[in-house]
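Presented below is the structure to which this report refers.
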Amino acid sequence: MKFSFQFSNLLGSVYRRGNLAFTPDGGCVISPVGNRITVFDLKNNKSETLPIESSRNITHIATSPDGYTLILVNEEGEALLCSLISRSVLHRFHFHGPVHSVKFSPDGKKFAVAKGDKVLLYSAPCKQMNFNPFRLLRTLYGAYDDNVCIDWSSDSRVLCVGSKDMSTRVYGAIRFKNLIIYTVGGHSDSIVGAFFEKDSMNLYTIAANGIVNYWECNTGLDGLESYRKENQKDAEDVDEEQSTETQKRRRQEEEDDRVKNKIIYKKGHRCNLKLSRDKGTSQMAAKLTSVAFHKLTNLLVTGFEDGCFFIHEMPVANLIHSLSISDQLVGAVEFNKTGDWIAMGCCGLGQLLVWEWQSETYILKQQGHFNNMTCLQYSPDGQFIATGGDDAKVKVWNVMSGSCFVTFSEHTAGITGVTFNQQGQVVLSSSLDGTVRAFDLNRYRNFRTFTSPQAAQFSCLTVDPSGEIVCAGTVDSFEIYVWSMKTGRLLDVLSGHEAPISDLSFSPSRALLASGSWDKTVKLWDIFENKGARETLTLNADVLALAFRPDGGQLAVATLNASITFWDSQSAVQTGSIEGRHDLGYFRKLEDKITAKKSAAGQAFNTICYSADGKAILAAGRSKNVCIYSVEDQILMKKFEISCNKSFDGMEEFLDKRQMTEWGNIELIDDEEEDGTRKSISLPGVLRGDMSSRHWKAEVRVCCIRFSPTGRAWAATSTEGLLVYSLDHSLTFDPFELEVDITPDKIRHTLKEKDYSAALMLSFRLNEHPIIQEVLEQIPLNDVLIICQNLHSTYVDKLLFFISGQIEQSAHIQYYLTWLEHLLVSHGPALKQRSASIMATLRSIQKATKIKYDDIGKICEHNEFTMQYLLKQSHLKRKRAEENSKSKGSSDNDENDEGMESESEDDSGVTDSSNIFVSKWSDDDSDS
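Heads up, the sequence shown is in UniProt numbering, so the first residue is 1 and it goes up one at a time.
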């Protein structure tokens, strides 16, 4: 089995905090998700999380005008220069302090950074061959409080900066005679946004109280005079014996000219967005939290803390559009290049929207679980992932596009388990609200609800392989309830456990139910034949999770002492064990008063699952590490670190000495924040944040982990979201029986000699994807059957796996399906005998075939309905033409009838020639 899994995508979380950015073409929106960046392709309906991680949560992003580079800044001021082409980090830089805004100039040669009360002007990276990509050009001063927003003029020579001191300052990016620094005020609240008009020095300033000021400048962009030192320009003409009085007089004249030609701003139109926001009511208006301005169309979009946003046409402030998207504050708004789409982020709900304001439709509407994700399950074909969270919602995600296409919110308490039926058309979920619900993925509705006679909280859920029996374990009554999927009736109640039931699992090969409990036992139930438990397995600690091997021959049990034991499901005999306490790693929370090793004594694996081939087992728990063990050797094969985000708690093994004071850790000191609120220490044992605490860090952990049925990926629900690790994105060289003389040239030479079978086997031994595709697509269709019949079984498995990937990606669908048909017909009995070893490949083929079937089926249905409509229209036109011809023949001698005939022709909308054409066309197609 391969263990070279690489991070593939992040689902379940679409926006956390910070600003949004569009790519220069306007087709993609870039969203910060914790310490990662996700790019949403709006035209192709796909999302991709870049394999780039910052050490803390990202708060500001800025894209270059050419769309090649990206600057990310986290909450501590660490900046990452990234390439959007190679998806890699090019350079790291630290500003040594929080940053409030970053923005590139329109020409892409500079970028400005608002840090504290200063503005740092840098030369844009990758534009000049410098050793240090971040080369500081100028530092701009003048603010009395933190600068929060930056905007550039159209010619990239002037920038305006808004500050919390209720003023906006205009700076020159280069030295001008008539502009050094200009300050405009007129506001009674902190500035949220400041923008230049297109090709003008006119200025808009927007404050948090909703007041917009429009400032008119008496000087245009072409009126700015660049500064050149006179003593350098006329150095040859200046006499060395020039008197001091002459020099002073010249300096005074220069100063008088500068003051005389100095630019002046005067207040123009002033509007109050609060009035349009209140709509005449006496209710207090919400504060403005985000703003964006589109210079081509003079549109201003504003977001408020109560979830409303408004679009105004400036400078007259005509209200064009208003909408309420939630009851949480709008954290970020941004226009695309054309101004048709507006991206909005809501950090309270983790919501990302792209709104087309002209047609009033959503281009993108995604929302993750705004609370912890607790469980997940792959669909049988590996195409979808169902997740449940503490927010009482069940979401279904498309693995290919990375988007959520349906959300079920019928539950009223946290979700504890989700699963699919055998066909993958039904999602079942258990909840602490005392119900188990079944959702139909065809009609998107809750069609079945399973309940217990007495009120109970369900902690786990499973379905038998046939999909007819639904079982759920409880927390309070320690019982297992068994229902019929068809009728919804309660069939049986299994009793015997003496503590809450932690996990349930059905054997894939037979109707054997395994249940694990905190009473240190695992019970095996035969729910169809015998009453009561068939076997009872006694362990040394509480059972936290269990899983059957895909063939049903082995049962793995994870216990509270951080060990995994393996049992033979037939004889109920223990066959092995793994001690994993040290593999989980050590961590120490900020409030912990014990060492990391002492804290690790309480760690254990909370979730386990087998790989698709059953040769490895995946385990994770309250840690940042995910471990893969070999079942046969019972050793650790690889350990994955799911996050390096230090914004989470539990990431460090040792306390930072720089955070220690004479009173202890600075995180434990109860002090006042800037807004007047006080930090309160959370209660002991609280993991998800104390309700009385206003500032707390989430703890990094993994709640559930599952392998894809195709064996090519696995997913984990973590504090960050739904992490997907895949083999498909890793570039690894994995030859098969490679020899020295096997080269691409030799393979192509064999192919030219039309020895297709030998060329195909040589390409598989080299095992390079482009070579295999080149050989396979040059084989004539008539030779496919003969090659398939004479192909060795080793190459059959490899060819099946390669075809599964090509069906999903290639446009030659019929060609590869022909290969697949001949392989399955020629080697069907042999494949059936070793179906367990190639089950992952068969599931990959099923997944790829179903995706193509759905895509082509939609096109065929559209064409079918279109043809039916055209045929119907042709028959109607033919009938109308016949009626027109009859009425014309019967009214040759009547002028009034001729007038009626002309009216009928006008109503029909067709001429005589078109009637003849439609009649002939419909006659030809009448048989069809």
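All C-beta atoms in this analysis are idealised placements derived from N, C-alpha and C, irrespective of residue type, glycine included.
Comparing alpha-carbon positions, the option among E774, L738, K638 and R765 lying closest to K752 turns out to be E774.
In this structure, DSSP gives F7 an extended state, which the three-state scheme calls strand. Contact between S647 and M637 fails: their C-beta atoms lie close to 30 Å from each other, not under 8 Å. Linking V291 to E334 through their CA atoms gives a straight-line distance of about 8 Å. For L513, the closest alpha carbon among the candidates D519, A499, E529 and K520 is that of E529.
For Q454, the secondary structure class from DSSP, reduced to helix, strand or coil, is coil.
A contact between stretches requires three or more CB pairs, one per stretch, nearer than 8 Å, and the stretch 741-760 fails this requirement with the stretch 866-882.
Here E75 is buried, its C-beta having at least 16 other C-beta atoms within 10 Å. Less than 8 Å separates the beta-carbon of C788 from that of S826.
Cβ atoms of Y815 and Q351 stay farther apart than 8 Å, at about 44 Å.
Looking at the DSSP output, S763 bridges to nothing. Just measuring C-alpha positions, the residue of V626, P125, I363 and Y586 sitting nearest E653 is Y586. Under DSSP, C404 takes part in a beta bridge, and its partners are W397.
The DSSP-derived three-state label of V333 is strand. Inclusion of Y122 and Y182 in the CB contact set at 8 Å is not warranted, their separation being larger than that value. The stretch 800-811 makes contact with the stretch 838-849, as at least three CB pairs between them are under 8 Å. For K746, the enclosing alpha helix (DSSP H) starts and ends at P744 to K752.
Looking only at T462, Y869 and I71, the smallest Cα-Cα distance to G417 is reached by T462. Residues of the same chain with a CB within less than 7 Å of the CB of D464, apart from the 5 flanking positions on each side, are F506 and A511 in chain order.
K267 sits in a strand when the DSSP states are folded into three classes. Here the stretch 390-402 lies against the stretch 357-371, with 3 or more beta-carbon pairs under 8 Å apart. DSSP places T487 in no beta strand (DSSP E); its state is neither H nor E. For F40, the enclosing beta strand (DSSP E) begins and ends at R36 to D41.
With a cutoff of 8 Å on beta-carbon distance, F5 and W714 are scored as near each other. The shortest C-alpha to C-alpha distance from V482 to any of L504, W355 and L364 is the one to L504. Straight through space, the alpha carbons of C82 and V89 are spaced by roughly 4 Å. Cβ atoms of K520 and D542 come within 8 Å of each other, at about 6 Å.
With 16 or more neighbouring CB atoms inside 10 Å of its own CB, R437 falls in the buried class. The alpha-carbon of D117 is positioned some 6 Å away from that of N147.
For W518, no alpha helix (DSSP H) run applies, since DSSP gives it neither H nor E. Between R135 and S54, the alpha-carbon positions lie close to 22 Å from each other.
Within the model, the alpha-carbon separation for S326 versus G307 is close to 5 Å. The three-state secondary structure of A840, taken from DSSP, is helix.
Taking all protein chains shown into account, Y144 has fewer than 16 neighbouring C-beta atoms within 10 Å of its C-beta and is therefore exposed.
In its own chain, leaving out the 5 sequence neighbours on each side, no residue places its CB closer than 6 Å to the CB of G857. A straight line joining the alpha-carbon of L785 with that of P770 spans about 23 Å.
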